[in-house]
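Data block below; observations after.
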Amino acid sequence: MDTQVISTICSNILPQIHLQVHKLTVEEHSMKQMLYAANYPQLYSLSLVNFHEITLHRYLTDDLILRDLLTKQITHLNIDIIKPVELCSEIVSNMFALILSLCKKLIALNFCDMFPTRQFQSLIFHVILEIFISSTLMKLKINVVSLIDCLYILDGPFVCLSTLIINIGQIFHICLRIDPTKKLPQLKCLSFTVQSTTFEYDELIVPLFCRMINLEELKLYLLVGRLNSTYIDGIQLYDQFLIYMTQLKKFTFNIKSEVYDMNVEVELQSNEDIQRSFIGRGYQKVASYVNTNVCSRYSECHIYSLPYDFEFYVYPQNSFQRGMFHKVRKLKMSDGIPFEHKLFKFIAQEFPFFKFLYICNDNRQDDKQDSSTLITFPYLTFLDLEKAHVDYAELFLLEKNMHLPCLVVKTKTERSTVISVLQWTLLRHVTQSLDQINDEDTKKNILWKEMYWLNQYWAQPVPKSSIAPKYSQRLFITKSLNTRRDLYEYLWDEEARRERLRFRMKKRKEKFAAT
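So, in structure tokens, the structure goes:
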């Protein structure tokens, strides 16, 4: 928000309405002005958004007005951090503990899970052990590193906690044993999400759910790996833990079973078997599909309740089935065979409102001749082609294939496009594809539009990340590119420079090996 607008609000508006303010949202740059503009005796809900972790930690530690509000008034608190300096930041963990120790009346807390692109995981189990925490908290929304953090939340000091919305990074074998007889009677609503594959479903997840005897709502998102076993189906879900949840009124789920055959013959269910397993046990409508052709020792089954109730969907494949996916905002596509053009048309119909797309497929397309039909993704704002074959870069970056109105930067607006770290070779191939277009005006229009936003993005600093691909790097366009020939020559100069660098490194290794 503009500084002048904020000053006007703080000096002219807030002093007049401060007695009627019940909810307040403030950003980092306007925090002090808005909190110091007036007293807010009726304020109970506070959202702190777009903060850097160090700045917010300083406010929580030193700002007396904020601390007083948190201690005496705030019952609902939302925290949003732009991006921690490092994964599992100690500052963020300490901030979580500080908030819990300050807020004596806190009922609901959303900790770093306000926006889909800022779901940062917190390592919190150690700080829960070290502080005194008020027991008033009834609702918590959080992302954590592992199941250990989740267990410390459930078995810790939150005796009033009735709603838990948790996204868990990893579930791996732990020394802690989960006792299914130790019940969690206070928990009424649970949203349990694990987006990485776990092989501990039977040993850890099932016993945990058996403790939740009074659950009324359960939302479950799981990717489960199994060795020499069958797919998870309706019979297993019911017999393993749903039968103990006698108060359950709503059960929504998305479960993918990945079965690995280690030289043991297991008779896997067909898709018809999967569908029959949900009949007569109180389930709502369920979609399923089975894929046994991935490789000789690997097969998979995907089951999900309809309508689809999650904001993200992982791994739609060419065997993907129809559903109702209006809630999906984040889509990750991955497969061992090429994504055909008809699949993208299908996704445009089934996922009409998604905004974030990640494509992981290094296989070239086979049906490029079908790409004459223009596909529209009206809300797509984030595109990640880092692990995609160049065919998908060409498919998305050339306007003859895709219409992406929210992705293209327009020079008269401040809206920017976000393209995740594209390998420089992708851009080179897109440029080469222009040679196949005969009309010079068309070439020029495509080039200028595509290069404008690519240049805007690549001009930014490269983020430091411990999980960045080893050989992936951003192409920096630092010189003026006035013509297509400038671009073409620049890209090939980059190619030659990198080739020389690779040659020198190879010679150094050979020389070192010889000595």
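Going by the numbering used here, the sequence shown opens with residue 3, and the numbers climb by one from there. Cβ coordinates follow ideal geometry from the N, Cα and C atoms, glycine included. Computed from a predicted structure; not experimentally measured.
Residue j beta carbon less than 7 Å from that of residue i
i      : j      : result
Leu359 : Leu382 : yes
Leu26  : Leu62  : no
Leu163 : Leu139 : yes
Ile170 : Val208 : no
Ile15  : Glu55  : no
Leu149 : Ile130 : no
Arg299 : Asp263 : yes
Asn216 : Pro187 : yes
Leu409 : Asn403 : no
Thr378 : His343 : no
CB-CB length for residue i against residue j, believed under 8 Å
i      : j      : result
Tyr310 : Val330 : 7 Å
Ser124 : Phe117 : The pair is not a contact, with the Cβ atoms about 16 Å apart (cut-off 8 Å).
Tyr394 : Ile349 : The Cβ separation is near 13 Å, so there is no contact.
Pro340 : Asp386 : About 18 Å; that fails the 8 Å criterion.
Gln75  : Leu45  : 6 Å
Ser301 : Leu270 : 6 Å
Glu205 : Leu250 : With 8 Å as the limit, Glu205 and Leu250 do not qualify as a contact, their Cβ atoms being about 23 Å apart.
Phe127 : Tyr154 : 4 Å
Ile81  : Leu50  : 6 Å
Classification of residue i by the beta-carbon crowding that lies within 10 angstroms, buried from 16 upward
i      : result
Asp181 : exposed
Asp235 : buried
Leu429 : Note that Leu429 has pLDDT 47, beneath the 50 cutoff, so the model's placement of it is unreliable and the number below is only indicative. So Leu429 counts as buried.
His328 : exposed
Asp4   : exposed
Leu58  : buried
Lys357 : buried
Lys332 : buried
Cys105 : buried
Asn484 : A caution first: Asn484 carries a pLDDT of 41, below 50, which makes its placement in the model too unreliable to give a value.
Met335 : buried
Tyr38  : exposed
Arg417 : The pLDDT assigned to Arg417 is 34, lower than 50, so where the model puts this residue is not dependable; a value taken from the coordinates is nonetheless given after this. Exposed.
Met326 : exposed
Val146 : buried
Asp151 : buried
Ser13  : exposed
Ser2   : Not covered by the structure: residue 2. The range shown for the chain is 3 to 517.
Ile281 : exposed
Asp337 : buried
Val28  : buried
Leu66  : exposed
Arg213 : buried
Gln6   : exposed
Gln351 : exposed
Gln238 : buried
Leu111 : buried
Leu222 : buried
Gln18  : exposed
Leu220 : buried
Candidates the options, of which the one nearest residue i by Cα
i      : options                           : result
Tyr42  : His24, Asp82, Asp275 and Met326   : His24
Asn256 : Tyr46, Leu206 and Phe314          : Phe314
Asp254 : Tyr306, Gln271 and Glu396         : Checking the displayed sequence, the identity of residue 254 turns out to be Thr instead of Asp. Taking only the C-alpha atoms, the option nearest Thr254 is Tyr306.
Val261 : Tyr203, Ile155 and Leu308         : Tyr203
Lys143 : Leu397, Ile167, Cys152 and Gly158 : Ile167
Asn365 : Arg213, Val392 and Leu345         : Val392
Thr200 : Tyr285, Leu224 and Met214         : Leu224
Leu602 : Asp64, Ser198 and Phe160          : Summary: the structure shown does not reach residue 602, with the chain confined to residues 3 through 517, and so no result is reported for it.
Lys252 : Val268, Ile281, Lys287 and Ser231 : Lys287
Tyr233 : Leu220, Lys258 and Ser198         : Lys258
Lys141 : His78, Ile126, Leu153 and Asp157  : His78
Glu388 : Asn363, Pro407, Thr10 and Gly338  : Asn363
Asp115 : Lys85, Ser103, Ile281 and Leu102  : Lys85
Val226 : Tyr285, Pro354 and Ser198         : Ser198
Pro380 : Arg213, Glu401 and Phe355         : Phe355
Phe312 : Phe384, Leu72, Phe353 and Pro407  : Phe353
Thr73  : Asn52, Phe53, Leu100 and Arg60    : Leu100
Test: residue i CB closer than 7 Å to a CB of chain E
i      : result
Lys344 : The structure shown contains no chain E; it is built from a single protein chain.
Heavy atom of the ligand MG within 6 Å of residue i beta-carbon
i      : result
Glu302 : The ligand MG is absent from the structure shown, which contains no ligands of any kind.
Sufficient close CB pairs (3 or more, under 8 Å) joining the segment 22-42 to the segment 94-111:
Touching, no.
Three or more C-beta pairs below 8 Å linking the segment 260-279 and the segment 242-252:
Judged by Cβ distances under 8 Å, the segment 260-279 makes no contact with the segment 242-252, as fewer than three pairs qualify.
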